[in-house]
Amino acid sequence: MNKNQLEAIAKILEIINDSSHPKGNFSALLEMLSEYLPVLRSFVFVHQPETDKLVPYSVFGLSVTDFRRLESKAEKTVIRKVFESAENIVVDKLSLETSLDFLKKFDFETSLVVIPVILEKKVVGVFAVEFPAKENCESQIPFLTVVASLIAQTFKIENAISNESRKLADENLHLRQELREKYDFGQIIGNSSPMRQVYDQVSQVARSNTTVLLRGESGTGKEMIAHSIHYNSLRSKKPFIKVNCAALPETLIESELFGYERGAFTGADRRKKGRFEMAEGGTLFLDEIGDLPPQTQIKLLRVIQEREFERLGGTETIKVNVRLITATNRNLEALIAEGKFREDLFYRLNVFTIFLPPLRERKSDILLLAEHFLTKYEQEHSKKIKRISTPAIDMLTSYHFPGNVRELENAIERAVLVCDSNVVHGHHLPPTLQTAEVSGTVTQISLTTAVEAFERDLIQDALKTTRGNVAKAAKMLDSTERILGYKIKKYDIKPNRFKK
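Numbering of the sequence shown is given in the working numbering, commencing with residue 1496 and proceeding in unit increments.
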């Protein structure tokens, strides 16, 4: 290989190493060859296994007409012969090659060198180069064979990138589908009257672009409702970006929302997009909006009104198309009266308000939620738990849950973790649910009474499991039917009521 060819190889490797756009690299590769060799025309064909056809992948020096003819007739030419034989073919006089007589002729005779592109002992394509006939084509074959092997490596790189892109696209689609299913309206648990009203409101507003304000105590599920609105809206394929206004210091909240330009402040060594830009075309969820600093409230008001803003330290006005959902557990009207929240911003946000009821106002949903969380965490922690005992259910329904659904979820997860049987009992629940001081029902109780109460609960659970069958219940409790009968009589338990 001469110095000129070695330089060409070095250039080809440089082009191949730029793997960000492999197909574009092929065009550059073929064009570069013409700088080092007397190449008139060249083309690369790739084999498509699905159709078993050779299709043009990249060409150099061909007119549009010649390209179309080559594309449609390649299967009947010397190109196919080389692919099937996996051997080089040199056409000394192209004018005499009838299978390629459709190509535009030069004023002088030309030759064509056709070489198979082999990857991992398998022919994956064909590489062809046309020279003036006066050139010694045979002497170029060793060099062109090396080029063909480098082309094969480029195919390998492109396939790897293509497979990775396809994999990422599939994963993205799968994750979006999972999110859509997770935040489907059907995943919102509860059939109480207040929750039915919430379902109706979410269904009404989801398909619109209206600004939504979610109000309710901490732990009532405001973020889940925000997700449900987004993933059931026309913007579901676009980003859902969330910001907790209370979690960010006052000095950072503005740069997080609107971004900043390089040099806007000390440490700003590059431009950064804000959350509004990141949410372009999708939904921006601002949680704890009541904690937004007054200065940032002014800028937010402008974005809502004008749909535009400037980055921190910048002069360029940026237009945005974002749906805004906000949430708070604070009394915004009281904050307005205190001068801590802008009244004009409140009216901009308060277009469609959804009030989420606290758990104490939807007692009938507690059992449904508890069963839902039980199923979730028994799978997560690889446990097999069949049900929650009646006394445990009574404890759950009698508790006022100041932490709302979040507190109930935590209580069930803890119960699943400490449960050593297939039934969650009252003693598996957190101490806050078991302590009498919580509900103001402190009583003096003896050890004997406490043991009897626990024994009564176990017998009732066993009878419930066996549908009132005393013999099976006795076996389940590792006791005798006679002893269990005595205990049933002592505690005035009616087995017949469990037979239903």
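Built from N, CA and C at the ideal position, the CB exists for glycine as well.
Since this is a predicted model, take the numbers as computed values, not measurements.
Query                                                                                                                              : Result
Identity of the residue in Leu1924, Ser1916, Met1971, Lys1959 nearest Lys1989 by Cα                                                : Lys1959
Boundaries (first-last residue) of the beta strand (DSSP E) holding Asn1739                                                        : 1735 to 1739
Supposed close pair Ser1460, Asn1899 - CB separation, criterion 8 Å                                                                : This structure cannot settle anything about residue 1460, because the visible part of the chain is limited to 1496 through 1995.
Residue span of the beta strand (DSSP E) that contains Leu1795, given as start and end                                             : First-last for Leu1795: 1789 to 1801, but that is the alpha helix (DSSP H), not the beta strand (DSSP E).
Residues of its chain near Thr1975, where Cβ-Cβ distance is below 8 Å and the 5 sequence neighbours each way are ignored           : Ala1969
Pairwise C-alpha distance: Arg1730 and Ile1883                                                                                     : 40 Å
Continuous alpha helix (DSSP H) stretch holding Phe1949: start and end                                                             : 1942 to 1960
Beta-carbon spacing of Leu1663, Leu1851 below 8 Å                                                                                  : no
Buried or exposed by the 16-neighbour rule on C-beta atoms within 10 Å, applied to Gly1769                                         : buried
Cα-Cα separation between Gly1921 and Ala1887, rounded to whole angstroms                                                           : 4 Å
Spatial distance of Arg1702 from Ile1724 (CA atoms)                                                                                : 8 Å
Unbroken alpha helix (DSSP H) run spanning Tyr1552, endpoints                                                                      : Looking at the DSSP string, Tyr1552 is not in any alpha helix (DSSP H); the run it does join, the beta strand (DSSP E), is 1548 to 1555.
DSSP-derived helix/strand/coil call for Ser1567                                                                                    : helix
Gly1620, enclosing beta strand (DSSP E) - first and last residue                                                                   : 1617 to 1627
Buried versus exposed, by CB contacts within 10 Å (16 or more), Gly1935                                                            : Any answer about Gly1935 is weak, because its pLDDT of 45 lies below 50 and its placement is not dependable; what the coordinates show is given next. By the neighbour-count rule (16 or more Cβ atoms within 10 Å), Gly1935 is not buried but exposed.
Backbone secondary structure at Ile1988 - three-state DSSP                                                                         : coil
Touch test, the stretch 1825 to 1842 against the stretch 1864 to 1872, Cβ-Cβ under 8 Å, three pairs minimum                        : no
Beta-carbon gap between Ala1998 and Ala1822 smaller than 8 Å                                                                       : Outside the shown range of the chain (1496 to 1995) lies residue 1998, about which nothing can therefore be said.
Cβ neighbour criterion (16 or more within 10 Å) applied to Gln1699                                                                 : exposed
For Ser1728, the three-state DSSP class (helix, strand or coil)                                                                    : coil
Residue environment, Ile1510, which counts as buried when at least 16 other CB atoms sit within 10 Å                               : buried
Residue of Ser1916, Gly1963, Phe1555, Ala1910 minimising C-alpha distance to Leu1924                                               : Ala1910
Secondary structure of Arg1837, DSSP reduced to three states                                                                       : coil
Contacts around Glu1805, its chain only, beta-carbon distance under 8 Å, and the 5 residues preceding and following it disregarded : Phe1753, Glu1811, Thr1812, Ile1813
Candidates Gln1874, Asn1964, Arg1757, Ala1581, of which the one nearest Gly1809 by Cα                                              : Arg1757
Touch test, the stretch 1550 to 1564 against the stretch 1528 to 1539, Cβ-Cβ under 8 Å, three pairs minimum                        : yes
Residues of its chain near Val1534, where Cβ-Cβ distance is below 6 Å and the 5 sequence neighbours each way are ignored           : Leu1528, Val1624
Contact under 8 Å by Cβ, Phe1622 with Val1642                                                                                      : yes
For Leu1844 and Glu1566, the rounded distance between their alpha carbons                                                          : 59 Å
Residue of Ile1683, Pro1789, Phe1626, Glu1579 minimising C-alpha distance to Ser1590                                               : Phe1626
First through last residue of the beta strand (DSSP E) which encompasses Arg1765                                                   : Looking at the DSSP string, Arg1765 is not in any beta strand (DSSP E), and its letter there is neither H nor E.
Terminal residues of the alpha helix (DSSP H) in which Thr1885 lies                                                                : 1885 to 1893
Assigned secondary structure, Lys1879 (DSSP; H/G/I helix, E/B strand, else coil)                                                   : coil
Cα-Cα separation, Lys1616 to Ala1581                                                                                               : 10 Å
Beta-carbon contacts of Glu1751 that lie in its chain and below 8 Å, excluding the five residues immediately before and after      : Val1738, Leu1743, Gly1769, Arg1770
Identity of the residues DSSP links to Ala1822 by a beta bridge                                                                    : Leu1709
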